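One structure is given here, and the rest of the page talks about it.
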Amino acid sequence: MQRLSSIALAIAVAAGWLTVIASLPAAAAEPQKRAWRPEGTVEFVVGSGPGGENDRLARSIQHVLTETHLVDSVIVLNKPGAGQIIAMNYLAGKVGDATKIGLVSGSFVSSDARRGSTLYKQLTPLEKVVDSYQCYVTGADSKYKTMKDVADRLREAPGSVTFAVPVGVGSPGHISAVKLGKTLGAPPDKLVTVVFTSGTDVAVQAIGNHIDVGVISLGSGLPLIQSGKLRLLGIAAPEREDGDAAKYPTVREQGLDVIADNPFTVVLPGGLSPEQVAFWQDALDKVVESPDFRRHVQREAWTLRPLRYPQTIKWMQDEYEENREVLKELGLVQ
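In terms of the numbering used here, the sequence shown opens at residue 669 and continues consecutively.
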């Protein structure tokens, strides 16, 4: 009898616990699903070598991501070549892998447009982070003192002004020179452009007066401009820049309606889940708001005008089509 009583008591206790468990809310009965977060090391793919503008921006983002513990670890993977096509082919091949991110500039879009390959459609353009406006520079003792001097000479004889541009034909610097020529009625095929491997090389050529006008990003040229080694003729921005660059005139102020931008965009591989895209968007929002990042942006004379996904989809398509039209005029479309 005593053994039967013990069994009955155990059954009653168990039944009571079952009743309590059944009455609990679902959230208490089952642990909440943890938000997605990349595990291990994130690869940040960049289509240029160490020290270039792409690389400097990527490392600034890398610093904030790790210092604020948004991710555990980030390595910058430099894959230069073919106008960033090599790097983005690599990233596009990582479909569904949210531990891989990338950074592209306007050179990638123009390279893609030149080939007609639409590689950009295989990537998810997460956010256009900064704009790097092109500027026109000469040597400190050049005969060209203002953009008006250049404009007057181009009107007289389009082939008499030699422009130096970095990276390659069809690059943002090259397209900037073409836009200037078109504004003045100078046909693209009449302009004389010489291509160098980097903005630094263009600056050296301008300092030595080996070319007439160099087209480089403002951030790359600002230290040489401030030191008096280069003369800044004008910035191809919609309005005056902030900070140290505020005293330099835009091209527009000098009567030439030319805007030439090199935008930088963080991209992801295709095939990611909404949760993975949302994680990276939130992380990048925090990077952009970071005081450290904003100080770096000011030092580099970049313009912070973020454009977020999914608005970036149409924006990048428009950039691609605009570049392709200009490249057709130049006879550079493959």
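All residues carry an ideal CB built from backbone N, CA and C; glycine is no exception. Source: prediction; values computed, not measured.
If you ignore the 5 residues before and after Leu738, its C-beta comes within less than 7 angstroms of the C-beta of Ala951 and Lys954, all in its own chain and listed in chain order. For Thr971, the uninterrupted beta strand (DSSP E) run begins and ends at Thr971 to Arg976, by DSSP. About 15 angstroms separates the Cβ atoms of Ser741 and Val713, ruling out a contact at the 8 angstroms cut-off.
Note on Ile769: 16 or more other CB atoms within 10 angstroms of its CB, so buried under the neighbour-count rule. Non-local beta-carbon contacts of Gln730 in its own chain, meaning distances under 7 angstroms to residues more than five positions away in sequence, involve Phe712, Val742 and Val744 in chain order. Here Val798 is bridged, per DSSP, to Phe932 and Leu972.
Taking a cut-off of 8 angstroms on C-beta distances, the region 931-944 does not touch the region 856-873, as fewer than three cross pairs fall below it. Counting C-beta pairs with one atom in each stretch, the region 782-796 and the region 973-988 have three or more that are closer than 8 angstroms, which means they touch. Distance between Ala781 and Leu1000, taken at the CA atoms: about 10 angstroms.
Per DSSP, Asn746 is one residue of the beta strand (DSSP E) stretching across Ser741 to Asn746.
In the structure shown, Pro793 falls within a strand segment according to DSSP collapsed to helix, strand and coil. Of all alpha-carbon atoms in Ile879, Gln1002 and Leu725, the one lying nearest the alpha-carbon of Phe831 is that of Ile879.
When the beta-carbon positions are compared, Leu924 and Leu848 come within less than 8 angstroms of each other.
DSSP places Lys768 inside the beta strand (DSSP E), whose first and last residues are Lys768 to Val772.
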